[in-house]
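Written out below as structure tokens is the structure these notes cover.
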């Protein structure tokens, strides 16, 4: 992991010129989980909300791939992957101990679960969403593929309150945005599905003040190029 991510800083400042810049998209699950981690870490950043059809030239200059989130640190370091943004934030400050820093091997245990959902589940979820959107005849089959992963979470949440233990972790906030998407594909089916613990877990986030703040609407950077101070709660 890049040593840059280990710079420790818990000071609050009125000088916004030294703050990291976060290019974000409100409903993108990757940007969402990056904002969740930044907010949980109480790290101040300058938020630039955008739409991908109107990407600011400044962002493309920093990150030619053109996807969000993109975090630009004051020293010029660019962090382009959402999980790395999350790790950067929580390695600065982790007041809720989401990395379970005192438990040996805790992060190593979280990463395989996160990677499975980032790679395998996300692919299945996209197929499920497309099948429903275009009213294809394989919606149920696509849902069944997704359910294999949801059932794993249900089992974990039957054993303890959160995904890794009775304590919230990086894994929880990393997966929440994708499970939120899954729950919205066939809303009525989901509400009656055999996953009560997943529903409880998801609702605890969606109904929380933290999620409300993380999902707040801000003026789009393209329309009103004014930075929004975010995360120093």
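In the working numbering, the protein residues as written are 208 to 440. By construction, the Cβ of each residue, glycine as well, lies at the ideal position given by its N, Cα and C atoms. Every value quoted in this text rests on a predicted model; they were computed, and no experiment measured them.
Would residue i pass as a contact of residue j if the rule is Cβ separation under 9 Å?
i	j	result
residue 302	residue 358	no
residue 231	residue 241	yes
residue 278	residue 229	yes
residue 223	residue 436	yes
residue 166	residue 275	In this structure the chain extends from 208 to 440, so residue 166 is not present and cannot be described.
residue 425	residue 233	yes
residue 428	residue 227	no
residue 159	residue 257	The chain is shown from 208 up to 440; residue 159 falls before or after that span and cannot be answered.
residue 361	residue 416	no
Comparing C-alpha positions only, which one of the options sits nearest to residue i?
i	options	result
residue 418	387, 282 and 270	387
residue 371	314, 422, 423 and 330	314
residue 405	356, 261, 415 and 266	356
residue 384	413, 365 and 366	413
residue 235	434, 421 and 433	421
residue 254	381, 309 and 239	239
residue 377	274, 225, 262 and 290	290
residue 237	280, 227, 293 and 226	293
residue 408	430, 423 and 365	365
residue 282	411, 225 and 348	225
Assuming residue i is part of the beta strand (DSSP E), what are its boundary residues?
i	result
residue 231	228-231
residue 252	252-256
Can you name, in chain order, every residue of its own chain whose Cβ lies under 7 Å from the Cβ of residue i, other than the five neighbours on each side?
i	result
residue 287	270, 272 and 277
residue 369	375, 376 and 379
residue 343	none
Note down, in chain order, each residue of its chain lying with its Cβ closer than 8 Å to the Cβ of residue i, except the 5 sequence neighbours on either side.
i	result
residue 219	Caution is warranted here: a pLDDT of 45 is assigned to residue 219, below 50, making its placement in the model unreliable, and the coordinate value is therefore given only provisionally. If we look at residue 219 and ignore the five residues flanking it on each side, its Cβ neighbours are 251 and 439.
residue 321	290, 377, 378, 381 and 382
residue 213	Confidence is the limiting factor: at residue 213 the pLDDT is only 37, short of 50, which leaves the residue's position unreliable, though a coordinate-based value still follows. Answer for residue 213: 298, listed in chain order.
residue 433	426
residue 316	371
May I ask which residues mark the beginning and end of the alpha helix (DSSP H) holding residue i?
i	result
residue 437	Looking at the DSSP string, residue 437 is not in any alpha helix (DSSP H); the run it does join, the beta strand (DSSP E), is 435-437.
residue 275	Neither: residue 275 is in no alpha helix (DSSP H) and is coded neither H nor E.
residue 459	Absent from the model: residue 459. The displayed extent of the chain is 208 to 440, so no value can be given.
residue 423	It is not in any alpha helix (DSSP H) - residue 423 carries neither H nor E in the DSSP assignment.
residue 262	Careful: residue 262 lies outside any alpha helix (DSSP H) and carries neither H nor E.
residue 291	289-299
residue 338	329-340
residue 396	394-398
residue 473	The requested residue 473 does not occur in the structure, where the chain is confined to residues 208 to 440.
residue 318	313-323
residue 361	346-366
Excluding five sequence neighbours on each side, which residues of the same chain lie with their C-beta closer than 6 Å to the C-beta of residue i?
i	result
residue 216	Residue placement at residue 216 cannot be trusted, given a pLDDT of 40 that sits under 50; what the coordinates show is reported in the next sentence. Correct list, in chain order: 299.
residue 210	No answer about residue 210 holds up, because its pLDDT of 38 lies below 50 and its placement is not dependable.
residue 261	429
residue 352	331
So does the segment 399-408 actually touch the segment 313-330, counting three or more Cβ pairs closer than 8 Å? no
#### Entry: Segment contact, 8 Å Cβ cut-off, at least three pairs: the segment 376-394 with the segment 332-345
yes
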